[in-house]
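*Asks:* In the numbering used here, the protein residues as written are 38 to 485.
After the structure tokens below, expect a handful of questions from me.
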């Protein structure tokens, strides 16, 4: 027992490594994890005191645990058996396929990443690029929703800036959970998006097993009180108009078995003086495809150019970006067995009625509707007439009317969409599709 034993140095090093790993895994790492977990729980508790809608435990659950709950859900288990039988494959193969789907979908929310980094970045981007305006009742809309209800923001989709704007504006209320398309499943963007609580979906998947896994995740999140944001249009508008709603995620929400919790929908209308992707979207619409021809090199050059202009103090913001929260609608208002088509149509109608009436779209509509150039006085008069005809409260106060018209005109002049000559203000040749894109965002106010 006390005799000396000679060991090769390499073997001694291996033994030390195994001992170190054992000590870390059994003693140090659990303690470290417990320490940081405790600090995180205390930080979340302090954060929840200032949020209008505290972060629910479901959102804070470990990603591994949520994946396990999802793939062992009875409905998913039945879908796995049905898929294995239909495809003629072993159930364990179908089970691994469902596990892969769950790993794609389930986020890994980090309250630190969301509130310490995400909200600040969203605020910086939004206010750097735009003059951000909100509906006068946005805060009151959120405050009057019962605390025990699951809130779901139903939004129109104009730009990828929509995510940034609503994340920033809803930051004082709660942490939002979005569905994000496959375009964002690239490292390291995917890690950041998951940490912000977003979940990835396959837009074109038609497999019953995938749809069941996705449906059960959405339903569990709804049951767990997670505040969500859904774009019923399913993608960016290519022509500026509100698109017909798709029923996927909204249908899953309506199918949720809710016993102790109600769902409240909040219609959200978003509009811009300038959509960052406007040229790309217009080109895709003209080509009849949703394949956007946007290269990463072009995006990087755009960002570098604007950064350089900002450093030199010559950067001009892209006009107004406006977000308006409509009147909340409890799910129970649609009856005991709501029809998803009717619910979607009603919510999209509410979004249309709340659409911000900005001056660039208003001027675009006036010029597109004109039969020729308009003098300054004629353009002012036509915009005033349209503003009164729309009969909406979502506009700029009338004492700012002249300033709004001036800024809109300068904005369109800088982008080369209009020209001013002795005949007045006219559309530049080849720019009619771009002006129509902006005019379409408010055209429903004038459709009689």
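Cβ coordinates follow ideal geometry from the N, Cα and C atoms, glycine included.
Using the Cα positions of residue 105 and residue 134, report the straight-line distance between them to the nearest angstrom.
*Replies:* 13 Å
*Asks:* Measuring CB atoms only, is the segment 405–414 touching the segment 376–387, in the sense that at least three cross pairs come out at less than 8 Å?
*Replies:* no
*Asks:* Hey, is the segment 392–400 in contact with the segment 301–310, meaning 3+ C-beta pairs nearer than 8 Å?
*Replies:* yes
*Asks:* Taking the beta carbon of residue 172 as the centre, do at least 16 other beta carbons fall within 10 Å, making it buried, or is it exposed?
*Replies:* buried
*Asks:* Between which two residues does the alpha helix (DSSP H) carrying residue 133 extend?
*Replies:* 128–142
*Asks:* Counting pairs of Cβ atoms below 8 Å between the segment 361–378 and the segment 284–297, do you hit three or more?
*Replies:* Yes: at least three Cβ pairs fall under 8 Å.
*Asks:* Could you tell me the alpha carbon to alpha carbon distance between residue 473 and residue 400, rounded to whole angstroms?
*Replies:* Going by the C-alpha atoms only, they are around 11 Å apart.
*Asks:* Could you give the residue range of the beta strand (DSSP E) that holds residue 294?
*Replies:* DSSP places residue 294 in no beta strand (DSSP E); its state is neither H nor E.
*Asks:* Leaving aside the five residues before and after residue 138 along the sequence, list all residues of the same chain whose C-beta is less than 6 Å from its C-beta, in chain order.
*Replies:* For residue 138, same chain residues with a beta-carbon under 6 Å away, outside a window of 5 residues either side, are 247 and 250 in chain order.
*Asks:* Would residue 53 be called buried (16 or more neighbouring beta carbons within 10 Å of its own) or exposed?
*Replies:* Using a 10 angstroms sphere on the CB of residue 53, the tally of other CB atoms stays under 16, which defines it as exposed.
*Asks:* Between which residues of its own chain and residue 231 is the CB-CB distance below 7 Å, once the five residues before and five after are set aside?
*Replies:* 144 and 145
*Asks:* Output the distance between the C-alpha atoms of residue 410 and residue 458, rounded to the nearest integer angstrom.
*Replies:* Distance between the alpha carbons of residue 410 and residue 458 is about 9 Å.
*Asks:* In this structure, how does DSSP classify residue 434 when only helix, strand and coil are distinguished?
*Replies:* Confidence in residue 434 is poor, its pLDDT being 43 and thus under 50, which makes the residue's placement too unreliable to answer from.
*Asks:* So is residue 142 buried or exposed if we call it buried at 16+ other beta carbons inside 10 Å?
*Replies:* buried
*Asks:* What residues in its chain sit with their C-beta under 7 Å from that of residue 471, if we drop five residues either side in the sequence?
*Replies:* Result list for residue 471: 315, 319 and 454, in chain order.
*Asks:* Which value, in whole angstroms, describes the spacing of the CA atoms of residue 192 and residue 268?
*Replies:* 5 Å
*Asks:* Which residues bound the alpha helix (DSSP H) around residue 200?
*Replies:* 198–206
*Asks:* At the level of alpha carbons, what is the spacing between residue 415 and residue 464?
*Replies:* 15 Å
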